[in-house]
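Residue numbers (my numbering): 0 to 102.
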């Protein structure tokens, strides 16, 4: 099984090298500010990082020279405080209007 894994890694490296010779390169997005021009936000996640920072990468992005081939699919940080009121509002039921209020 190890030989199969090593073989797949070798093929992946050879493909990346071949694409690189033609100007296609992968770029990393983790830790960078979210940029809708090169990132595709899949979800937001509570994080200690500043809001709008890319927390993790679901799929790498690729560029052909300076042109975007595929945006990086990313998870973006949101502030922790912003999620609490929304969660509390969803957890607490809204009171039904009483018949006296409708008159």
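We treat Cβ as the ideally placed atom computed from N, Cα and C, and that holds for glycine.
Note that the structure is predicted; figures quoted are calculated from it, not measured.
Taking C-beta to C-beta, are residue 55 and residue 76 nearer than 7 Å? Counting from one through the chain shown, the residue named residue 55 turns up at place 56. Counting from one through the chain shown, the residue named residue 76 turns up at place 77. The criterion of a C-beta distance shorter than 7 Å is not satisfied by residue 55 and residue 76.
Over what stretch of residues does the alpha helix (DSSP H) that includes residue 15 continue unbroken? For the purposes of this step, residue 15 is taken as the residue at position 16 of the chain shown. Here the alpha helix (DSSP H) through residue 15 covers 1 to 20.
Note the first and the last residue of the continuous beta strand (DSSP E) segment covering residue 26. Working through the chain shown from its first residue, we reach residue 26 at position 27. It spans 23 to 26 - the beta strand (DSSP E) in which residue 26 sits, taken as one unbroken run.
Given that a residue counts as buried once 16 or more other Cβ atoms are within 10 Å of its Cβ, and exposed if not, what is residue 38? Taking the first residue of the chain shown as position 1, residue 38 is located at position 39. Buried: at least 16 other Cβ atoms inside 10 Å.
Measuring CB atoms only, is the segment 4 to 11 touching the segment 29 to 44, in the sense that at least three cross pairs come out at less than 8 Å? By the criterion of at least three beta-carbon pairs nearer than 8 Å, the segment 4 to 11 is not in contact with the segment 29 to 44.
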